[in-house]
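Protein chains in written order, with full-length UniProt numbering: chain X, 1 to 268; chain Y, 1 to 268; chain R, 1 to 268. Below is one structure, written out as structure tokens, with a few remarks after it.
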Amino acid sequence: MSESAPDTNSSDAADAPTRPFRAIVDADAIQMAVELVDALFDECHLRLEAEGLRMAGVDPATVASVELTLGRAAFESYETTGVHTGVDLSRLGDVVQMADSGQLVEFDLASETRTLEIHIDGLEYTLALLDPETIRRPPDSPSGGFDFAGEVVADADDFDRAVRAADMVSNHLALGIDDDEDAFYVEATGDTDDVSLALPAEDLADLTTGEAHSLFSLDYLTAIDRAMPTDAEIRLRLGIEQPATIAYEFADGAGSVEYVVAPRISSH
Amino acid sequence: MSESAPDTNSSDAADAPTRPFRAIVDADAIQMAVELVDALFDECHLRLEAEGLRMAGVDPATVASVELTLGRAAFESYETTGVHTGVDLSRLGDVVQMADSGQLVEFDLASETRTLEIHIDGLEYTLALLDPETIRRPPDSPSGGFDFAGEVVADADDFDRAVRAADMVSNHLALGIDDDEDAFYVEATGDTDDVSLALPAEDLADLTTGEAHSLFSLDYLTAIDRAMPTDAEIRLRLGIEQPATIAYEFADGAGSVEYVVAPRISSH
Amino acid sequence: MSESAPDTNSSDAADAPTRPFRAIVDADAIQMAVELVDALFDECHLRLEAEGLRMAGVDPATVASVELTLGRAAFESYETTGVHTGVDLSRLGDVVQMADSGQLVEFDLASETRTLEIHIDGLEYTLALLDPETIRRPPDSPSGGFDFAGEVVADADDFDRAVRAADMVSNHLALGIDDDEDAFYVEATGDTDDVSLALPAEDLADLTTGEAHSLFSLDYLTAIDRAMPTDAEIRLRLGIEQPATIAYEFADGAGSVEYVVAPRISSH
């Protein structure tokens, strides 16, 4: 929760002199933002703050969480008094998908009724918002942060190929860094077939070595992979039997998303 | 039924000196014609008259009816002695869909066997026709006609956006004209979300005002909307708790279709 | 089985001085080869011989068999000591489909472990091979060969149109040659509708007449038709109540496939 922002569900919001949130945004940017969060769950926290729009949530099994920011720079116009609410992602996604590429989507939040008005070229959609108290909240990171051993910057395209191939043979895959070989690797071992992808430092945009190896469920990685734009440059932070973070920018750098995925117990 | 045309199912037809119907038509025109009627039901009346081909039918619940004409101008060649028969639209649709865009489709009706021969570049499909007596007939309009209050000429694209958005929130929608605001509107009220589209006169090709408001089932409007070409200019006639008519031209003006949809009981 | 080639499942292979099979091939050629065999069954014999790669199999009901060759000319590089093994076509197909058009796919067969390594731009997929003794073998042709009466060379496009139309009305179709009319024909008779396509010699690339007529199950012809490239020139050999062969080249002539389909008992 953003401490500095008044809650729309509190009585303060109703006294605010202006509309709590009005903004106009390019359809492609908001469609992408919703899709990246919708990949993992149906409902999320929506925070409308001075710096931009933020969405956050965690899946029902608390294996994967997302934090997404779409900064003011992505908006044609943006004004807010600060809002914390909740949103149904599949309904919001359906609505913003009605806009054609390049069209503008206009938001207007009427706090009194807890509804978000969405305007697309004459069409007005009134979306009921959700009480944020009813939506799972991403767990706090450990006080000292995760113990990441290394960091990889790779093409989404390479990650995509490895995840799709792994999904043919198994339901989990290992992400790791081979410190000796100076390489990032993806491995999946199935009942009959195996998949591996090793990318040495020279095939990566960046590599901070440090031995790393953790096993993840393909359910989550496949969902994250499908939503990922193919031209993204993704930043992975990895450790030994640690969560992985997968982060990248979108909307010409105005948006950023970070997924945190918990590891499976591995016998490696 | 066209009174002046002999029925192929009568003995007269068998004595006719020429084939009752021979015609050659561009694949795109006949594909569109069949699709526009097939949107609502599986079987329809088929009348082959001097002015052109006509299809008509009504859905099993008698909520929506269609009258479609594909005039002689749409045909490369067209000769008929006048025929009234019935046709299975999904089978006819499958056959004409075999032709590529720009190909010619040739029809030859052999009345003796109640079958329609369809030729597409060497392929011959023999389609069994249906006894028109077994096919529902669109109800007659009331003697004085419907009591339409106003008429709207709009882009199919706007109608499409409103119907698709309404379908996200409800299973019925209201079509109306706001006499004071000089605007055509579409409204749908769902359990949590609402949709509305208001098009003032300046955003319409034409508007004849007169207060109008009726509620319709989205099942029918969605089916009509899906078949509609996106570049059509549609003419809607509306009243107060009255049926709506939705009409437009296709095949470069050689074809025309009119749907009549009965209203739902509204508590508005 | 290729008599001159050592079997990878025998102890000889393990003693071979070089890898039993290493090859690099254009993605499009191998994707097409796998798809043409996968159309009819899931597992097939895979022979890696001096002349090229061969795949062969027969469907569970022993109605349809395939023999496919992808010659050395289709490969960027190709070396083999001769191998006879078995392969799961849907898994092999999924892997080679990961390559983009124009990419190279590299194969490396490690006989010791009966696995085929497949490399696509950094990705390594280890595919478990199958014991060829467990895979159905296409039946031998009768000693004198089939009694074909005539041969037709036609466009895949015409065959495709006839098969798709026949599939709308029936579950079997007749392929034949009308000796008097000098024409190849396809016919299907349904409960209500009929389909026929007659192609006279002048509409065919070649026709060797001889009265022919046999009835075939559409299940098999539809599967063969769907996998067929639309620009292929297909060679059909037909007889009276005899199997039909359907053969064509692919991969710019470096590949060839021949299907043999047994006839149904016909009352014609």
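Even glycine gets a Cβ: it sits at the ideal position worked out from N, Cα and C. All values reported here derive from a predicted model rather than from experimental measurement.
How is the alpha helix (DSSP H) around threonine 222 (chain X) delimited, first residue to last? Within the first sequence, numbered from 1, the residue matching residue 222 (chain X) stands at position 222. In this chain, the alpha helix (DSSP H) harbouring threonine 222 (chain X) covers 218 to 227.
Work out the CA separation of proline 139 (chain X) and valine 261 (chain X) for me, nearest whole Å. Your numbering for residue 261 (chain X) matches position 261 in the first sequence. Your numbering for residue 139 (chain X) matches position 139 in the first sequence. Cα-Cα distance, rounded: 12 Å.
Using 8 Å for Cβ pairs, my map puts tyrosine 248 (chain X) next to arginine 235 (chain X). What's the rounded Cβ distance? Counting from one through the first sequence, the residue named residue 248 (chain X) turns up at place 248. Counting from one through the first sequence, the residue named residue 235 (chain X) turns up at place 235. Going by Cβ atoms, the distance from tyrosine 248 (chain X) to arginine 235 (chain X) rounds to 7 Å, so yes, they are a contact pair.
Threonine 8 (chain X) by DSSP, collapsed to three states: which one? Reading the first sequence from its first residue, position 8 is the one you call residue 8 (chain X). With a pLDDT of only 44 at threonine 8 (chain X), under 50, the local geometry of the prediction cannot be trusted, and the value read off the model is given with reservation. Threonine 8 (chain X): coil per DSSP, three-state reduction.
Roughly how far, in whole angstroms, is the beta-carbon of threonine 192 (chain Y) from the beta-carbon of alanine 128 (chain X), given that I think they are within contact range, below 8 Å? Taking the second sequence and counting its residues from 1, the one referred to as residue 192 (chain Y) is at position 192. Taking the first sequence and counting its residues from 1, the one referred to as residue 128 (chain X) is at position 128. About 4 Å separates the two Cβ atoms, so the contact holds.
Any heavy atom of the ligand HEM closer than 7 Å to the Cβ of aspartate 206 (chain Y)? Although the ligand HEM was asked about, the structure shown includes no ligands whatsoever.
Which chain R residues sit within Cβ distance under 8 Å of alanine 162 (chain X)? Taking the first sequence and counting its residues from 1, one reaches residue 162 (chain X) at position 162. For the C-beta of alanine 162 (chain X), the chain R residues within less than 8 Å are, from N- to C-terminus, Leu123.
What number of angstroms, rounded off, separates the C-alpha of asparagine 171 (chain R) from the C-alpha of alanine 23 (chain R)? Here residue 171 (chain R) corresponds to residue number 171 of the third sequence, with the count starting at 1. Here residue 23 (chain R) corresponds to residue number 23 of the third sequence, with the count starting at 1. Straight-line Cα distance between these residues: approximately 42 Å.
Can you confirm whether residue 278 (chain R), when its beta carbon is compared against all beta carbons of chain X, has any partner nearer than 8 Å? Summary: the structure shown does not reach residue 278 (chain R), with chain R confined to residues 1 through 268, and so no result is reported for it.
Looking at the C-beta of arginine 91 (chain Y), does it have a partner C-beta in chain R at a distance below 8 Å? The residue labelled residue 91 (chain Y) in the question sits at position 91 within the second sequence. Yes - at least one Cβ of chain R is within 8 Å of the one on arginine 91 (chain Y).
Tell me the DSSP bridge mates of leucine 53 (chain Y)? Along the second sequence, one-based indexing puts residue 53 (chain Y) at 53. Paired residue(s): Y:Leu48 and Y:Leu70.
Taking the C-alpha atoms as reference points, what is the distance between alanine 174 (chain X) and cysteine 44 (chain X)? For the purposes of this step, residue 174 (chain X) is identified with residue 174 of the first sequence, where counting begins at 1. For the purposes of this step, residue 44 (chain X) is identified with residue 44 of the first sequence, where counting begins at 1. Distance between the alpha carbons of alanine 174 (chain X) and cysteine 44 (chain X) is about 28 Å.
Of the listed residues R:Arg54, R:Pro263 and R:Thr209, nearest to leucine 215 (chain R) (C-alpha basis): If you number the third sequence from 1, residue 215 (chain R) lands on position 215. For leucine 215 (chain R), the nearest C-alpha among the options comes from R:Pro263.
Beta carbon of leucine 116 (chain R), beta carbon of threonine 80 (chain R): below 8 Å? For the purposes of this step, residue 116 (chain R) is taken as residue 116 along the third sequence, with counting starting at 1. For the purposes of this step, residue 80 (chain R) is taken as residue 80 along the third sequence, with counting starting at 1. Between leucine 116 (chain R) and threonine 80 (chain R), the C-beta spacing is not below 8 Å.
Does DSSP classify glycine 122 (chain R) as helix, strand or coil? Your numbering for residue 122 (chain R) matches position 122 in the third sequence. Under the three-state reduction of DSSP, glycine 122 (chain R) is assigned to coil, being neither helix nor strand.
Around the Cβ of aspartate 100 (chain Y), are there at least 16 other Cβ atoms within 10 angstroms (buried) or fewer (exposed)? As a first step, residue 100 (chain Y) must be located in the second sequence, where it is residue number 100. By the neighbour-count criterion, in which a residue is buried when 16 or more other Cβ atoms sit within 10 angstroms of its Cβ, aspartate 100 (chain Y) is exposed.
Where glycine 150 (chain X) falls, given that 16 or more other Cβ within 10 Å makes a residue buried: For this step, residue 150 (chain X) is matched to residue 150 along the first sequence. Buried: at least 16 other Cβ atoms inside 10 Å.
Could one say the Cβ of aspartate 180 (chain X) lies closer than 8 Å to chain Y's Cβ atoms, at least one of them? Indexing the first sequence from 1 puts residue 180 (chain X) at position 180. Not a single C-beta of chain Y is nearer than 8 Å to the C-beta of aspartate 180 (chain X).
Strictly under 8 Å for the Cβ-Cβ distance: is alanine 262 (chain Y) near chain X by that measure? As a position in the second sequence, residue 262 (chain Y) is number 262, starting the count at 1. Not closer than 8 Å to any Cβ of chain X, the Cβ of alanine 262 (chain Y) fails to qualify, so no.
So with Cβ pairs under 8 Å, would you call aspartate 94 (chain X) a contact of chain Y? The count along the first sequence starts at 1 and reaches residue 94 (chain X) at position 94. Yes - at least one Cβ of chain Y is within 8 Å of the one on aspartate 94 (chain X).
Is alanine 205 (chain R) buried or exposed, if buried means 16 or more other CB atoms sit within 10 Å of its CB? The residue you call residue 205 (chain R) lines up with position 205 of the third sequence. Exposed, because fewer than 16 other Cβ atoms sit within 10 Å of the Cβ of alanine 205 (chain R).
What does the alpha-carbon distance come out to for the pair isoleucine 246 (chain Y) and valine 186 (chain Y)? Locating residue 246 (chain Y) in the second sequence gives position 246, where the first residue counts as 1. Locating residue 186 (chain Y) in the second sequence gives position 186, where the first residue counts as 1. If I take the Cα positions, the gap works out to 14 Å.
Under the DSSP definition of a beta bridge, which residues are partnered with aspartate 26 (chain X)? Looking up residue 26 (chain X) in the first sequence gives position 26. DSSP, once it has assigned bridges, lists X:Leu104 as partnering aspartate 26 (chain X).
Alpha carbon to alpha carbon, how far is glutamate 211 (chain R) from aspartate 203 (chain R)? Give it in angstroms, no decimals. Within the third sequence, the letter at position 203 stands for residue 203 (chain R). Within the third sequence, the letter at position 211 stands for residue 211 (chain R). The straight-line gap from Cα to Cα measures roughly 18 Å.
Cβ shell of phenylalanine 148 (chain X) (< 7 Å), same chain only, five flanking positions each side left out: Sequence index remark: in the first sequence, residue 148 (chain X) carries index 148 (1-based). So the qualifying residues of the chain are Arg237, Leu238, Gly239 and Gln242.
Measure the C-alpha to C-alpha separation of alanine 64 (chain R) and valine 58 (chain R) and round it to an integer number of angstroms. Walking along the third sequence from the start, residue 64 (chain R) turns up at place 64. Walking along the third sequence from the start, residue 58 (chain R) turns up at place 58. In this structure, the CA atom of alanine 64 (chain R) is about 6 Å from the CA atom of valine 58 (chain R).
Are the Cβ atoms of aspartate 160 (chain R) and methionine 228 (chain R) separated by less than 8 Å? Here the question's residue 160 (chain R) lines up with position 160 in the third sequence. Here the question's residue 228 (chain R) lines up with position 228 in the third sequence. Cβ atoms of aspartate 160 (chain R) and methionine 228 (chain R): closer than 8 Å.
Which residues in chain R sit within 7 Å of aspartate 194 (chain X), going by Cβ to Cβ distance? Translated into the one-based positions of the first sequence, residue 194 (chain X) becomes position 194. Neighbours of aspartate 194 (chain X) on chain R, chain order: Thr126.
Leucine 204 (chain R) (DSSP reduced to helix, strand or coil): Working through the third sequence from its first residue, we reach residue 204 (chain R) at position 204. Leucine 204 (chain R): coil per DSSP, three-state reduction.
Does any C-beta atom of chain R lie closer than 8 Å to the C-beta of valine 46 (chain X)? By 1-based counting over the first sequence, the position of residue 46 (chain X) is 46. For clarity, residue 46 (chain X) is leucine in the given sequence; the question names valine instead. Leucine 46 (chain X) does not count as touching chain R.
According to DSSP, what are the bridge partners of aspartate 252 (chain X)? Taking the first residue of the first sequence as position 1, residue 252 (chain X) is located at position 252. When DSSP reads this structure, aspartate 252 (chain X) sits in no beta bridge, so it has no partner.
Helix or strand or just coil, what does DSSP make of arginine 235 (chain Y)? Residue mapping note: residue 235 (chain Y) aligns to position 235 of the second sequence, counting from 1. Arginine 235 (chain Y): strand per DSSP, three-state reduction.
So glycine 93 (chain X) is in the alpha helix (DSSP H); what residue range does that whole segment cover? Mapped onto the first sequence, residue 93 (chain X) falls at position 93. Glycine 93 (chain X) -> alpha helix (DSSP H) spans 89 to 96.
Terminal residues of the continuous alpha helix (DSSP H) containing phenylalanine 159 (chain X)? To locate residue 159 (chain X), count along the first sequence from 1; it is residue 159. Counting along the chain, phenylalanine 159 (chain X) sits inside the alpha helix (DSSP H) bounded by residues 156 to 169.
Decide if alanine 61 (chain R) is buried, meaning its Cβ has at least 16 other Cβ atoms within 10 Å, or exposed. As a working note, residue 61 (chain R) is residue 61 in the third sequence. Label assigned to alanine 61 (chain R): exposed.
Assigned exposure category for threonine 126 (chain X) - 16 Cβ within 10 Å defines buried: As a first step, residue 126 (chain X) must be located in the first sequence, where it is residue number 126. It is buried - the Cβ of threonine 126 (chain X) has at least 16 other Cβ atoms within 10 Å.
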